[in-house]
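Below is one structure, written out as structure tokens; comments come after it.
Chains as they are written, first to last, in my numbering: chain A, 28 to 295; chain B, 74 to 347.
In structure tokens, the structure reads:
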């Protein structure tokens, strides 16, 4: 196994043409620096319909910058971003700060994305299990609940491409696995592409098609099981990162309701 | 007593004051809410102060005073949005420098221009009871324009205020809407100058929304309640100006402040007990 040369179209499948109908977003040789410091160096990637691409990398590796460039919120210094014409993107930022002077219920926040489709709103709330939050103030819900609300807002745009900046932050471990599972289901169901940033490769492994390991340049990329054995990944995250892959999992024989009440699990 | 009251409110100049004050308070509710949400109150203050310079220049060049206020407010608003994008000096320092230097410069220019006699106090503290036909028409035109633009773009304005980047990804033209909002604020400040004066304009814009914050759960409720509080302040301010023989502008601001304090300390006062 060798470290791929990042000067090539590192993360794109060599067979895929940028203007092929299945390509939602393509970045080609992106360079970006801030205050003379190179943040992104020659990054290329493509995302296709139904494909889940996960960006991992240490803090300050340029993950969020890359996402902002991909969204078109930030202009690259050189290189090009291609979006399929009329591409609908659902975006979930890393942080949402709501001014305390601005009263805003979860319901009103979600209506900012889509005021017409009430059925879509109630279905999305149900899918994400946040129906009980509708009347609550956005500033009064927990971090994990806020992540689900933000995901709901992204979904209300009926996106063809979901771009998620650390969707699972502030969510407890069981909730994280569930959230990634949900994202994977959404991608399957709507054939929508996903580009997301994650810290926990072991949690996203099962639901991701392609992993890009970023540290200003693309260190390595490929299928998750390939990346975890890559020397570049190991030197970045340490050998322990791979060995810790086996997350302790156990089967619950019951579930908890919203109020904490125990619901018997129906075995089938 | 009641008779004199009726007489008071049916006098032409009081009717004018009432119509102008209430229509301004109606748009000041939603517009002021945005100023509060986006922390722009110092921006509004600077705009109002620099408007005095506009008046001075208008008088020197012998142009229509209302027009020169509006033009100078729009120009200053545009300049201030450009300044905002240079992060080398903190925005509030820059606004502080501009606010007070333009106010001082305005007063100096007015004093130097011997040929014109200007009631400076009217511009500083407002003179609601002296507004005439032309003033009223200006107010009504601007208020209608502001109300129409606000209602057409309402959802987008709220969206860019909550999270500009999500709004942009969702297809909202954030820069254009920011500029429109600033121009609406500039227009409203320009026509409110005669009513509450340079020094009190921002309070008319931010005190009613601040009062409404304690009793609102959505942006829309806050905006509507701010309008209602503004209207009540105008009416009660006029009445107390009549009874206690005090200036109208400050009286309106004092009433609004009392309402703010009441809701601040007793936010549940309007809730019906179940």
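Ideal Cβ positions, reconstructed from N, Cα and C, are used throughout, including at glycine. Predicted model only: the values in this text are computed from it and were never measured.
Answer with yes or no whether the minimum CB distance from residue i to chain B is below 7 Å.
{"i": "residue 163 of chain A", "result": "no"}
{"i": "residue 221 of chain A", "result": "no"}
{"i": "residue 139 of chain A", "result": "yes"}
{"i": "residue 175 of chain A", "result": "no"}
{"i": "residue 111 of chain A", "result": "no"}
{"i": "residue 135 of chain A", "result": "yes"}
Residues of chain A with a CB under 9 Å from the CB of residue i: which are they?
{"i": "residue 238 of chain B", "result": "95, 98, 100, 118 and 120"}
{"i": "residue 110 of chain B", "result": "126, 128 and 129"}
{"i": "residue 154 of chain B", "result": "The premise fails here: residue 154 of chain B is roughly 20 Å from chain A at the closest Cβ pair, so nothing lies under 9 Å."}
I want to see whether chain A comes within less than 7 Å of residue i, judged by CB atoms only; does it?
{"i": "residue 332 of chain B", "result": "no"}
{"i": "residue 279 of chain B", "result": "no"}
{"i": "residue 286 of chain B", "result": "yes"}
{"i": "residue 347 of chain B", "result": "The predicted model places residue 347 of chain B with a pLDDT of 42, which falls under 50 and marks its position as unreliable; any figure quoted below should be read in that light. Cβ-Cβ to chain A under 7 Å: no for residue 347 of chain B."}
Between the Cα of residue i and the Cα atoms of the options, which residue gives the shortest distance?
{"i": "residue 327 of chain B", "options": "B:339, B:340 and B:312", "result": "B:312"}
{"i": "residue 7 of chain A", "options": "A:60, A:63 and A:67", "result": "Residue 7 of chain A lies beyond the residue range present for chain A, which begins at 28 and ends at 295; the question has no answer from this structure."}
{"i": "residue 163 of chain A", "options": "A:184, A:151, A:134 and A:142", "result": "A:134"}
{"i": "residue 214 of chain A", "options": "A:73, A:80, A:110 and A:47", "result": "A:80"}
{"i": "residue 88 of chain B", "options": "B:308, B:335, B:330 and B:343", "result": "B:308"}
{"i": "residue 132 of chain A", "options": "B:294, B:290 and B:303", "result": "B:290"}
{"i": "residue 187 of chain A", "options": "A:221, A:204 and A:209", "result": "A:221"}
{"i": "residue 138 of chain B", "options": "B:292, B:237, B:211 and B:222", "result": "B:211"}
{"i": "residue 130 of chain B", "options": "B:118, B:97, B:183 and B:83", "result": "B:183"}
{"i": "residue 303 of chain B", "options": "B:320, B:321 and B:325", "result": "B:325"}
{"i": "residue 122 of chain A", "options": "A:237, A:259, A:260 and A:194", "result": "A:194"}
{"i": "residue 71 of chain A", "options": "A:118, A:248 and A:253", "result": "A:248"}
{"i": "residue 167 of chain B", "options": "B:275, B:116 and B:125", "result": "B:116"}
{"i": "residue 115 of chain A", "options": "B:172, B:317 and B:242", "result": "B:242"}
{"i": "residue 216 of chain A", "options": "A:58, A:118, A:98 and A:154", "result": "A:154"}
Can you round the beta-carbon distance between residue i and residue j to whole angstroms, since I take them to be within the 8 Å contact cut?
{"i": "residue 85 of chain A", "j": "residue 263 of chain A", "result": "6 Å"}
{"i": "residue 270 of chain B", "j": "residue 199 of chain B", "result": "3 Å"}
{"i": "residue 235 of chain B", "j": "residue 125 of chain A", "result": "6 Å"}
{"i": "residue 114 of chain B", "j": "residue 279 of chain B", "result": "5 Å"}
{"i": "residue 215 of chain B", "j": "residue 261 of chain B", "result": "7 Å"}
{"i": "residue 109 of chain B", "j": "residue 283 of chain B", "result": "6 Å"}
Since residue i meets chain B, which of its residues come closer than 9 Å, beta carbon to beta carbon?
{"i": "residue 123 of chain A", "result": "235, 236 and 239"}
{"i": "residue 142 of chain A", "result": "228"}
What does residue i touch in chain B if you count any residue whose Cβ is under 8 Å from its own?
{"i": "residue 132 of chain A", "result": "290 and 291"}
{"i": "residue 180 of chain A", "result": "239"}
What residues of chain B sit near residue i, judged by a beta carbon separation below 7 Å?
{"i": "residue 184 of chain A", "result": "243"}
Any chance the CB of residue i is under 6 Å from a heavy atom of the ligand ZN?
{"i": "residue 266 of chain B", "result": "Ligands in the displayed structure: none, and consequently the ligand ZN is not present."}
Against chain A, which members of the segment 289-318 of chain B pass a CB distance test of less than 9 Å? 289, 290, 291, 292, 293, 294 and 295
When you check each C-beta in the segment 212-243 of chain B against every C-beta of chain A, which residues fall closer than 8 Å? For chain A, the residues of the segment 212-243 of chain B that bring a beta carbon within less than 8 Å of one of its beta carbons are 228, 231, 232, 234, 235, 236, 238, 239, 240, 241, 242 and 243, in chain order.
Near-chain B residues of the segment 60-91 of chain A - C-beta to any C-beta below 9 Å: none
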